Amino acid sequence: MTKRRMQQLDLFGGSEPPAAPPPSAPIKMGRSEPLVWVAEVWLLRDYDTSEASLLRHITLRKGLNVLWAPPTPEDVENRLGDGQITGHTAGKTTFCRMLRYLLGEQRFGTTRAQEKIREALPDGWVVAAIVVGDERWIVGRPFGLGLHPFATRGLSFAEALAERGRGGYQDFLADIRRVVMDPVPVKELPHQREPIAWEHVLPWLTRDQESRFAGLVEWRDPSSESESPRLVLDDRHVVLRALCALMSDEESEAQRRYEDLALEKQGLEERAPRLADRAAEDRRRLARLLGVEDDTNDAGPLFAARFRETVSRRKASLAAAEEALAAQAIEVEQAEDAARQAAEACGARVEALREAEARREEAKRPSEKKREAEEGAPAPLPVRAGLCSVPLDVAMAKGCPLAASHPAAAPMTREGKKALAEAVMEAKRTLAEARSAQKEATAEHTRRRSTLSAEEKRIARERAAIEEVERLYDYMTAAEREADTNTERLAVVTDEVKASSERQAALRREQEVAEARISERFRDVVRALLGDHVEARVEVKGRRLDLRVEDRGERDGAAMQTIKLLAFDLAAMKLAMDGHGQLPGLLVHDGPREADMDGRIYERLFLYARHLEESANGSLAFQYVVTTTAPPPKEMQKEPYLLYPLLDASKPEGRLLKMDL
1 MTKRRMQQLD LFGGSEPPAA PPPSAPIKMG RSEPLVWVAE VWLLRDYDTS EASLLRHITL
61 RKGLNVLWAP PTPEDVENRL GDGQITGHTA GKTTFCRMLR YLLGEQRFGT TRAQEKIREA
121 LPDGWVVAAI VVGDERWIVG RPFGLGLHPF ATRGLSFAEA LAERGRGGYQ DFLADIRRVV
181 MDPVPVKELP HQREPIAWEH VLPWLTRDQE SRFAGLVEWR DPSSESESPR LVLDDRHVVL
241 RALCALMSDE ESEAQRRYED LALEKQGLEE RAPRLADRAA EDRRRLARLL GVEDDTNDAG
301 PLFAARFRET VSRRKASLAA AEEALAAQAI EVEQAEDAAR QAAEACGARV EALREAEARR
361 EEAKRPSEKK REAEEGAPAP LPVRAGLCSV PLDVAMAKGC PLAASHPAAA PMTREGKKAL
421 AEAVMEAKRT LAEARSAQKE ATAEHTRRRS TLSAEEKRIA RERAAIEEVE RLYDYMTAAE
481 READTNTERL AVVTDEVKAS SERQAALRRE QEVAEARISE RFRDVVRALL GDHVEARVEV
541 KGRRLDLRVE DRGERDGAAM QTIKLLAFDL AAMKLAMDGH GQLPGLLVHD GPREADMDGR
601 IYERLFLYAR HLEESANGSL AFQYVVTTTA PPPKEMQKEP YLLYPLLDAS KPEGRLLKMD
661 L
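The opening position of the sequence shown corresponds to residue 1 in full-length UniProt numbering, with each subsequent residue numbered one higher.
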């Protein structure tokens with residue numbers, strides 16, 4: 001064992017560890033002051049500077065600050081039923097919540113805790129002197145509802161309360177952002193797509209007591225009802241890496257680009273089978289409409305060729321049918337003309353028959369007159385269309401030249417009567433023939449018209465079918481193009497994802513020096529707590545940090561998990577002291593001892609903080625606030641490390657707010 005290792009074991013192995021050299025060679029400090037630290041805290045009954053209003057005035061310092069609520073002394077006899085409580089429920093967590101509240105958190109306790117404090121102190125305030133960079137601010141926030149916080153700089157406590165309207169609380173938060181956040185090399189959280197802000201850093205610096213130090217980035221437990229921003233796991237690791245100088249904007253941009261590409265790739269992969277199925281279904285429907293076999297091996301150009309051939313053939317057939325349809329239309333017109341001519345001929349035969357019958361009727365008139373004379377009553381002449389209605393004998397008596405020339409004016413011979421009868425018979429025969437011809441012409445026209453209409457409907461259906469086939473083919477080709485485009489884009493994105501991953505890996509390799517720095521500090525703290533024989537390192541795996549502690553194999557468990565987290569926080573604080581990263585130097589650990597943590601290891605936490613002070617040569621660039629029920633080392637149970645007063649839950653005035661809630 002080397003001399004250095006022997007010194008390390010001696011330092012942390014005895015019951016009274018001496019002030020010894022640090023566990024590693026000192027590194028030149030990069031800062032002389034914390035970026036943010038709390039100098040004083042006032043708890044007030046009312047908005048007043050009087051002694052009656054003042055509940056507590058707690059003075060803090062740069063370096064280690066221990067808020068202790070001692071447990072019941074070990075020499076006091078323990079008895080069943082003795083309900084005396086001293087260290088617990090004294091107000092340690094409430095004090096930490098007040099600090100968080102002053103530094104920008106929305107709430108100063110759980111809903112129930114806030115209700116009880118507001119009921120007891122409806123006009124109460126918490127006020128603090130907080131140093132940001134080289135500016136000293138007096139910051140106040142009320143317990144009650146409806147009142148506004150305030151912040152002023154360059155004034156005393158009394159002056160600030162008198163002049164609170166002259167400054168703004170948002171100006172104070174803006175100053176913290178300027179001093180702490182502006183120099184951070186990462187400006188945006190890759191997943192949340194929002195600027196990395198002080199509100200994202202504060203939960204790490206002031207871990208929930210309720211979280212029980214369960215995970216490296218488990219800073220806020222839901223039961224604490226803090227209303228701090230909820231970041232996804234990867235973004236919380238980004239906060240750690242950004243403030244520890246373990247990543248840059250370029251890597252952040254590369255990570256964001258990778259996430260965009262990965263998301264796009266996932267979408268393309270999900271769409272690919274849907275697009276392929278849609279194209280296949282369109283092809284199957286098209287094959288059914290075309291009456292061809294759907295062969296998946298025949299898809300693509302071969303199917304397109306078959307489609308074009310089939311559609312061209314059907315279009316040619318349709319064009320021929322449309323030409324024949326035009327000829328049929330002419331035949332229908334001709335049949336219609338024939339039917340019309342037959343109807344006209346029939347009408348002429350009807351007129352001829354009427355004339356013949358009229359002549360026959362006129363020929364009968366003399367005998368009718370004789371009969372009428374004998375009967376004593378004149379017989380009226382029948383009226384025919386186109387004939388004079390004046391009786392022939394009256395017309396002849398009057399000297400009508402038309403009556404004199406009428407065949408009936410002369411006596412009708414037997415031959416004349418026979419010829420007239422034959423004329424009537426011939427007229428009837430020709431009329432019957434004309435009517436038969438008209439019927440045939442009309443029937444032919446009807447048949448041809450029906451055939452033409454059926455062909456027109458068939459051609460219209462075929463035209464619609466071809467249009468539907470072409471439309472479906474357009475759908476199919478569009479779906480195939482979209483599927484092909486999706487496949488091509490997927491191939492491109494897959495390559496880009498690979499390239500982006502390789503670029504991130506290259507950038508991470510560039511951060512190996514920074515990773516080595518944080519690992520070195522982490523190893524120093526772990527060895528200070530557990531012994532110089534232990535190996536420890538911080539690994540950057542993908543987007544996350546992983547803490548490793550090895551002692552004859554990797555060590556884990558609840559207590560070891562807490563030790564690793566405490567060691568990492570202290571290592572990050574030491575890194576910032578050395579001038580690397582943007583951790584502001586303020587760190588609050590609320591009751592960090594786990595139930596099964598060895599008491600001697602727990603004491604070394606305080607010893608390491610004292611070592612940081614001693615190695616700083618007067619330039620304390622950090623403020624470490626620890627609340628505890630378990631006692632710190634004996635030599636640190638006093639000023640300047642211990643905050644006063646000590647808390648004691650066994651009596652109301654011993655609690656933080658000097659009352660039972």
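Note that CB positions come from ideal geometry on N, CA and C, so glycine has one too.
Just so it is clear, the structure is predicted and the values come from calculations on it, not from any experiment.
- Would the beta-carbon of V127 fall within 9 Å of that of F157? yes
Check your understanding: Name the DSSP bridge partner or partners of R153?
Key -> W137
**Prompt:** Any idea what DSSP makes of L587, helix, strand or coil?
**Reply:** strand
Do the stretch 245-254 and the stretch 507-519 meet, that is, are 3 or more Cβ pairs less than 8 Å apart?
yes
Is it the case that the Cβ atoms of V232 and H200 are separated by a distance below 9 Å? no
| message | Please identify the residue among P185, V131, L103 and F522 whose C-alpha is closest to the C-alpha of residue 749. | response | Look at the range of the chain in this structure, 1 to 661, and you will see that residue 749 is not part of it.
Opposite H57 in the DSSP bridges: which residues? W42
Output the boundary residues of the beta strand (DSSP E) element that contains I196. Neither: I196 is in no beta strand (DSSP E) and is coded neither H nor E.
Notebook entry, point to check: What is the C-beta distance between D551 and H533, in whole angstroms, given that I count them as a contact (C-beta under 8 Å)?
Noted result: 7 Å
Out of A327, A272 and Q438, which has the shortest C-alpha to C-alpha gap to A348? Q438
**OP:** Along the beta strand (DSSP E) that carries E535, what are the first and last residues, could you check?
**Re:** E535 to K541
Cβ shell of A559 (< 7 Å), same chain only, five flanking positions each side left out: E594, D596 and M597
Practice problem: Could you tell me the boundaries of the beta strand (DSSP E) in which A128 lies? | Solution: W125 to V132
inquiry  = If distances are taken between C-alpha atoms only, which option among L656, G618, Y641 and L566 comes closest to V525?
reply    = L566
Next item on the list: Report the option in V41, R31 and L216 whose CA atom is closest to the CA atom of R134.
Entry: Note on residue identity: the sequence assigns Asp, not Arg, to residue 134. When each option's Cα is compared against that of D134, the closest is R31.
For G63, count neighbouring C-beta atoms within 10 Å of its own C-beta (all shown protein chains included) and say buried if the count is 16 or more, exposed if not. buried
Is R447 buried or exposed, if buried means 16 or more other CB atoms sit within 10 Å of its CB? exposed
Below 6 Å CB to CB, which residues in the same chain sit around residue 710 once its five sequence neighbours on both sides are set aside? Absent from the structure is residue 710, since the part of the chain shown begins at 1 and ends at 661.
Worksheet item: Is there contact here, the stretch 172-188 with the stretch 196-213, by at least three beta-carbon pairs under 8 Å?
Response: yes
*asked:* Could you pull the DSSP bridge partners for residue 668 from this structure?
replied: Lying before the first or after the last residue shown, residue 668 is absent from the chain, which here runs from 1 to 661.
*How about V36 and V139: are their beta carbons less than 9 Å apart?*
no
message: By the three-class DSSP mapping on this structure, what secondary structure does D569 have?
response: helix
Exercise. Which residue or residues does DSSP assign as beta-bridge partners of V36?
Worked result: V132
Under DSSP, the beta strand (DSSP E) around E550 begins and ends at which residues?
R544 to E550
**Item:** Spatial distance of N617 from G585 (CA atoms)
**Value:** 16 Å
- In chain order, what residues of the same chain lie with their CB nearer than 8 Å to the CB of K187, ignoring the 5 residues before and after it? P195, I196, D249 and S252
Nearer than 8 Å: is that true of the beta carbon of K315 relative to any heavy atom of the ligand ZN?
Summarising the ligand content, the structure contains no ligands, and the ligand ZN is consequently not present.
Option nearest V332 by Cα separation, candidates A514, R414 and T442
T442
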